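Engineer: Last residue of the sequence shown: number 462 in the numbering used here, and the count goes up by one each step with no gaps. We put the CB at the ideal spot given by N, CA and C, even for glycine. Given the structure is predicted, the values throughout are model-derived calculations rather than measurements.
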Amino acid sequence: MAENHTETAPRTDRVVTSGSVPIAVRDHGGTGTPLLLLHGAGGNLATMTGLADLLRPAHRVVTLDLRGHGHSGDGPWSWDAALDDLAAVADDLGLDRPAVVGHSLGGMLAALWAARHPECPGAVSLDGSPTPARPEDLVGLAPDRAAAELARLHEVFTAMAAGLAQPLDSAQVEAALAGQRALAQRYGSAEEPWVEAFERNLVPVEGGSRLRPDPTLTEQLRVAMETVDLFPAYREVRCPLLLVLATENLPEQEAFAELYAAYRRGLAERLAAVDNPSLRVVHLTGASHAMVAERPAELAALVTDFLAGATSSC
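1) In the DSSP assignment, find the unbroken beta strand (DSSP E) run with P291 in it and report its ends.
2) So within the region 184-254, which uninterrupted beta strand (DSSP E) runs reach at least 3 residues, ignoring any that extend past its ends?
3) Check whether the Cβ of R386 lies closer than 8 angstroms to any Cβ atom in chain D.
4) Near H500, which residues of its chain fall below 6 angstroms by C-beta distance, leaving aside the five closest residues on each side in sequence?
5) Using DSSP bridges, identify the partner residues of S357.
6) Check the C-beta distance from E367 over to A309 and give it rounded, since I have them as a contact under 8 angstroms.
7) Would the region 160-178 count as touching the region 193-202 if we require 3 or more Cβ pairs under 8 angstroms?
8) Would you identify the three-state DSSP class for P158, choosing helix, strand or coil?
9) Could you tell me if G242 is buried or exposed, where buried requires 16 or more neighbouring beta carbons within 10 angstroms of its beta carbon?
10) For a test of the three-state rule: what should DSSP assign to V163, helix, strand or coil?
11) Report the rounded CA-to-CA distance for M149 versus L390, giving the unit in angstroms.
12) Report the residue from T452, S318, D423 whose alpha carbon sits nearest the alpha carbon of P205.
13) Whose CA, out of V210, L427, G188, T195, lies closest to the CA of P158?
14) Could you please give the first and the last residue of the uninterrupted alpha helix (DSSP H) stretch that includes P405?
15) In terms of residues, what are the limits of the alpha helix (DSSP H) holding R383?
16) Hey, A445 and T395: beta-carbon distance below 8 angstroms or not?
Have a look at this one:
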């Protein structure tokens, strides 16, 4: 169980309006080098509170709601548009050459930012890998078996997206909040950020409430995360880039254990073939995709040490 007991940081919330959509940000303060900390798909800035507090001693940490999430504005998803959102935030807050750290979707953005910004002092992707979508990426599975498992996974994702698109009544909201509190207890973290993260994505609709992102953006994100190829970024990046990869399944992934094991094998083989001294890869033993909740202190130390080393080598 992760322990996450840190001094409460003075936080300032604001909305950056200089880009194509308004982006809600939270400045956690700190006097160190600036760092943008990015959440995953379906999350928001509150999901990164625990890690932000742990990174704050070494950095001025700024979290934000990606477009279509939390309190940020709506807009069609593209990788370039999301990267432009980050640039608008950095410019508006006066963040000079910020490091970028992200989880899942945010980790993919961190890698793409690093490739776009060679002046970046360092970037870290916390299990920010594309969604398994191609049979050839599942090493060790026969093509027919791989295709069948991917089709089954797609059906599950489609059903999940349909369920999330439905309005929630008050009883369902209360049950979900109870679930968030239970998860906080499971991971040994404070309940408040978990509750805030759920409520921050909740918007009123006819018949109750609905969670952001909306169905249109959810589908755009699914396609984007299935089709993006990050390997050109891995090969071309010239600023220090750290990939921290999960080695275990989430409970929800156990039904697809064979698929995810094959995907991790394929990813490890492809990364091992990348000849780029700017890229470092860590396979975090015993960690799942929920590593930010499971191991926040370990991740904070890993990120802090990596960025400190990257800065000293510049």
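Structural biologist: Result, derived from the coordinates:
1) DSSP places P291 in no beta strand (DSSP E) but in the uninterrupted alpha helix (DSSP H) bounded by 291-312.
2) Counting whole runs of 3 or more residues, the region 184-254 contains the beta strand (DSSP E) stretches 207-212, 247-251.
3) This model lacks chain D altogether, as it is built from one protein chain only.
4) Look at the range of the chain in this structure, 149 to 462, and you will see that residue 500 is not part of it.
5) BP columns for S357 point to L316, P352.
6) The Cβ separation is near 7 angstroms, so the contact holds.
7) Result yes; three or more Cβ-Cβ pairs closer than 8 angstroms.
8) In this structure, P158 counts as coil in the three-state DSSP scheme.
9) Within a 10 Å sphere around the beta-carbon of G242 sit fewer than 16 other beta-carbons, which makes this residue exposed.
10) The answer is strand: DSSP assigns V163 an E or B state.
11) Confidence is the limiting factor: at M149 the pLDDT is only 40, short of 50, which leaves the residue's position unreliable and the question unanswerable from this model.
12) That would be T452, whose Cα lies nearest to the Cα of P205.
13) When V210, L427, G188, T195 are compared, the shortest CA-CA separation from P158 is found for V210.
14) First, the amino acid is wrong: residue 405 is Ala here, not Pro. DSSP places A405 in the uninterrupted alpha helix (DSSP H) bounded by 405-420.
15) First-last of the alpha helix (DSSP H) with R383: 379-384.
16) Against a cut-off of 8 angstroms, the Cβ pair of T395 and A445 comes out as no contact.
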